[in-house]
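The numbering of the sequence shown is my numbering, which starts it at 51 and goes up by one.
C-beta: ideal position from N, C-alpha, C; glycine also.
Remember, predicted model here, so these are calculated numbers, not experimental data.
Step one of this worksheet: look at the structure below.
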Amino acid sequence: MKNIDKIEKLKKSFEKNKNLIADALYKDLGKNFEESRLTEYYPVMSEFDYFIKNLEKWSEPEKIRSFFNFIGCGTVLQPEPYGKVLIISPWNYPFNLTFLPLIGAIAAGNEVVLKPSEYSKNSSDIIKKIIEDSALEDIEVVLGDLEETKKILDSKFDYIFFTGSSKVGKEIYLKAAENLTPVTLELGGKSPVIIEDEHCLDEAVEKIIWGKFFNRGQTCIAPDYIYLPKGTSEKFVELARAYIRKNGDVGGKIINDIHFDRLNKLLENQNIIYQNGKIDEDSKDKGVFPFTITLNPKDTDPILEEEIFGPILPLIEYESLDKVYWDLRGKPSPLALYIFRSEKGNISTRGIKAGGVCINGTMLQILDRKVPFGGIGNSGLGQYHGKYSFDTFTHYKPIFEGSSLKISTINRVINLILSKIKK
Ligand code: NAD
């Protein structure tokens with residue numbers, strides 16, 4: 051079967067199960083219908099369509115035009131699948147983060163073993179059903195806990211695509227090194243926001259909270275902590291309160307008690323300046339961790355050292371913007387860097403490395419499938435989405451075909467060309 055036919059089949063099965071996808075996301079993460087459509091269903095469907103439109107063109111071998119053509123030789127770049135690929139995905143956007151790499155891997159002609167997260171169990175079951183319904187033999191879904199994943203990792207793969215935390219990413223990288231297996235690591239980390247001047251505060255607060263509200267803050271590119279000019283935190287809270295009053299509470303729930311307790315612990319010894327609800331047994335049962343703003347944590351507090359991955363926003367008031375940039379240049383490279391500034395057209399990040407950057411907005415850098423997505427340094431290795439996904443799972447094999455000319459003739463032609471170049 052042609053790769054494009056496999057993509058069509060997969061798309062049909064995904065589409066057919068769209069209501070079960072929404073149900074599972076509601077059960078696992080309390081995602082409402084609009085949010086699951088917007089962040090999981092549509093991005094996957096449009097990736098299917100983009101591949102269906104372009105795959106034939108991408109799969110064509112490319113004849114390289116070079117000087118060798120003159121002597122009857124030439125190279126063809128042949129796109130080839132790696133072979134057997136392992137895709138390990140996390141729980142926070144279980145369909146999006148499983149199917150986006152899967153589409154790339156299948157389109158490039160690989161066999162795939164999928165290992166979705168054990169935390170988003172309902173979604174993982176539906177992922178298995180979608181694959182079974184597609185009747186594609188080159189995809190196997192393995193469900194199970196950590197031990198199961200470790201067992202899978204003992205087998206040899208030709209490529210590993212991992213999405214998850216930096217901590218586990220390092221373990222995967224070590225494991226892959228045993229067989230020199232190439233990897234893509236889509237990791238997390240702390241994505242900072244810099245509000246460069248007070249004039250952008252209104253716009254910044256609205257866009258930061260909008261971005262942080264998706265999936266109750268459990269998003270790899272969610273704004274993690276905010277630098278804002280000294281003396282503006284009260285105004286920030288005032289604007290945040292007004293935004294929440296107008297737009298309602300954060301949707302969704304925290305995935306499980308482990309993460310609920312982890313978030314609660316991050317708030318120990320913190321100066322909480324806004325919270326839109328209580329933290330008690332009832333909120334824990336419902337997974338409803340309230341949206342919380344804290345002020346000026348110490349550099350060594352866990353809230354500034356660990357990825358928050360939940361609805362907590364620490365604010366850090368600064369006196370010197372130069373020092374903010376200086377400090378950030380010394381920190382691990384984030385997956386996303388957000389800057390709010392009044393000066394239009396200035397896209398400088400002043401030397402901060404980041405997987406992606408969004409100026410005067412949040413989260414939007416991920417939407418365009420013509421743009422690669424991925425981290426750098428601590429936030430990951432490799433990029434994907436659209437054609438970049440196809441490239442990730444493809445080895446471009448150069449095949450050089452010689453001519454029937456004798457070496458002496460080839461030498462003569464080469465010398466002739468060289469003498470012309472020298473002139
Ligand atoms: P995680 O690293 O705990 O787990 C990710 C996956 O790896 C899961 O399927 C899990 O079963 C498996 N796993 C866990 N421990 C393992 C081990 N020791 N060996 C092998 N496999 C193991 O991450 P998570 O809690 O599922 O997801 C949250 C993290 O993922 C956050 O850090 C977030 O920023 C990151 N993330 C990154 C992206 C991205 O695109 N860069 C997207 C979503 C989430």
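For residue i, collect the residues of the same chain with a Cβ closer than 8 Å to its Cβ; drop the 5 residues on either side in sequence, then sort them by chain order.
i      : result
Ile114 : Gly124, Thr125, Val126, Leu127, Pro448
Gly427 : Pro382, Ser383, Lys403
Tyr143 : Thr89, Glu90, Asn265, Thr269
Ile397 : Val407, Ile409
Thr282 : Ile245, Glu248, Leu251, Glu367
Glu106 : Ile54
Can you tell me which residues form a DSSP beta bridge with residue i?
i      : result
Leu345 : Asn321, Leu365
Phe207 : Note: Phe207 sits in no beta bridge, so no partner.
Ala386 : Gly406
Lys59  : In DSSP, Lys59 forms no bridge with anything.
Val135 : Val162, Tyr209
Val421 : The partner list for Val421 (beta bridge, DSSP) is empty, contrary to what the question assumes.
His309 : DSSP lists no partner for His309.
Lys447 : Gln128
Thr234 : Phe211
Lys113 : Val126
Leu431 : Leu235
Ile276 : Val243, Leu365
Ile189 : Val162
Considering only the beta carbon of each residue, do residue i and residue j sit closer than 8 Å?
i      : j      : result
Thr89  : Asn160 : no
Ile323 : Thr344 : yes
Phe413 : Phe212 : First, the residue type needs correcting, since residue 413 is Met and not Phe in the sequence shown. Taking 8 Å as the Cβ cut-off, Met413 and Phe212 do not qualify as a contacting pair.
Lys334 : Asp299 : no
Ile101 : Ile180 : The sequence shown places Phe at residue 101, not Ile. Taking 8 Å as the Cβ cut-off, Phe101 and Ile180 do not qualify as a contacting pair.
Ile353 : Leu316 : yes
Ile305 : Ser116 : no
Leu313 : Phe339 : yes
Gly432 : Gly405 : no
Lys303 : Gly337 : yes
Pro364 : Tyr275 : yes
Ala290 : Ile329 : no
Lys178 : Ile202 : no
Ala74  : Ser173 : yes
Val162 : Asp188 : yes
Ile71  : Ile176 : yes
Pro129 : Tyr446 : yes
Tyr277 : Ile362 : no
Gly267 : Ile153 : no
Tyr434 : Arg400 : no
Ala158 : Phe423 : no
Asp183 : Asn69  : no
Phe118 : Lys61  : no
Phe207 : Lys257 : no
Lys420 : Gly395 : no
Pro347 : Gln325 : no
His249 : Ser392 : yes
Under 6 Å Cβ to Cβ from residue i, same chain only, skipping five residues before and after it: list those, please.
i      : result
Asn82  : Gly301
Ile389 : Ile244, Ile409
Lys56  : Ile156, Leu186
Thr234 : Phe211, Gly432, Thr442
Glu190 : Val163
Val407 : Leu387, Thr399
Phe450 : Thr125
Arg379 : Gly401, Ile402
Ala254 : Ile245, Phe390
Val463 : Ile121
Pro111 : Val126, Gln128
Asp78  : Ser170, Asn172, Ser173
Assuming residue i contacts residue j (C-beta within less than 8 Å), just tell me the rounded distance between them.
i      : j      : result
Leu136 : Val94  : Actually they do not touch by this definition, with Cβ atoms about 20 Å apart.
Leu385 : Ser167 : Contact flag wrong, Cβ pair sits at about 18 Å.
Asp121 : Ser453 : Note that residue 121 is Ile in the sequence shown, not Asp. Sure, about 6 Å apart at Cβ, within 8 Å.
Thr199 : Ile138 : 7 Å
Pro273 : Lys285 : 17 Å between Cβ atoms; not a contact.
Tyr209 : Tyr132 : 4 Å
Which residues in the same chain have their Cβ closer than 7 Å to the Cβ of residue i, if we skip the five residues on either side of it in sequence?
i      : result
Leu371 : Glu246
Ser215 : Leu237, Gly238
Glu369 : Lys280
Val287 : Ile323, Tyr324, Ile343
Gly194 : Glu168
Give a single yes or no on whether residue i has its beta carbon closer than 7 Å to a heavy atom of the ligand MG.
i      : result
Gly425 : With respect to small molecules bound, the structure shown includes the ligand NAD and not the ligand MG.
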